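In my numbering, the protein residues as written are 921 to 1087. Glycine residues also receive a C-beta, built at the ideal position from the N, C-alpha and C atoms. Predicted model, so just to flag it, every value in this text is computed and none were measured. First comes the structure, then the notes that go with it.
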């Protein structure tokens, strides 16, 4: 997937920096195969769908310096999927070409996450960040997956605009 975001940070006494970050991203992956049947139960075929999701993330992180150029951060956040579809292509059903583009409403609208991040400064304005986000609350609304969780890995490149506040 890919995405874009923005953040604001401020120093916190001798602890480090408090950062509030928002991210919008799109992910795409191949979904599990599905077998479709018509209204009479006649099998129409097996298809592998392409799932596409629009995700939003809001994070609050406390960042501390390990070295002058290496930093770690952790905090809490919210992850949401306001739009998701799975496209299984077209199928011939009862002699008519039918689109199997399906809206996916199986994900929870908001998920509480625990982000942990390590970053490396490249000069005063560039930074490379590796962040892992664990879901604390269930991800799925489906009754057959009541405890489903996720672990998402992000690799980010960031550039600081405006007044330079990085160490």
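* Buried or exposed (CB count within 10 angstroms, at least 16 for buried), residue 999 -> buried
* Does DSSP classify residue 987 as helix, strand or coil? -> coil
* Look up residue 922 in the DSSP assignment and say whether it is helix, strand or coil. => strand
* residue 1067 versus residue 993 - alpha carbon distance -> 27 Å
* Asked: Looking only at its own chain, which residues have a Cβ that is under 7 Å from the Cβ of residue 930, when we skip the five neighbours before and after it?
  -> 937 and 938
* Asked: What are the start and end residues of each continuous beta strand (DSSP E) run of 3 or more residues lying completely inside the stretch 1009 to 1061, in chain order?
  -> 1016 to 1023, 1030 to 1042 and 1046 to 1055
* Kindly list the residues whose CB is nearer than 8 Å to the CB of residue 1052, restricted to its own chain and excluding five residues on each side of it in sequence; keep chain order. => 1035, 1036, 1037, 1071, 1072, 1073 and 1074
* List the residues that DSSP assigns as beta-bridge partners of residue 934. => Looking at the DSSP assignment, residue 934 forms no beta bridge with any residue, so it has no partner.
* Is the distance from the Cβ of residue 972 to the Cβ of residue 948 below 8 Å? -> yes
* **Euclidean distance between Cα positions of residue 1011 and residue 1017** => 6 Å
* Meets three-Cβ-pair contact criterion under 8 Å: the stretch 1021 to 1032 and the stretch 1000 to 1010 -> yes
* Which first and last residues belong to the beta strand (DSSP E) in which residue 964 is found? -> 963 to 967
* **Cutoff 6 Å; reference residue 1039; Cβ partners in own chain excluding five residues on either side** => 991, 1047 and 1049
* **Classification of residue 943 by the beta-carbon crowding that lies within 10 angstroms, buried from 16 upward** => buried
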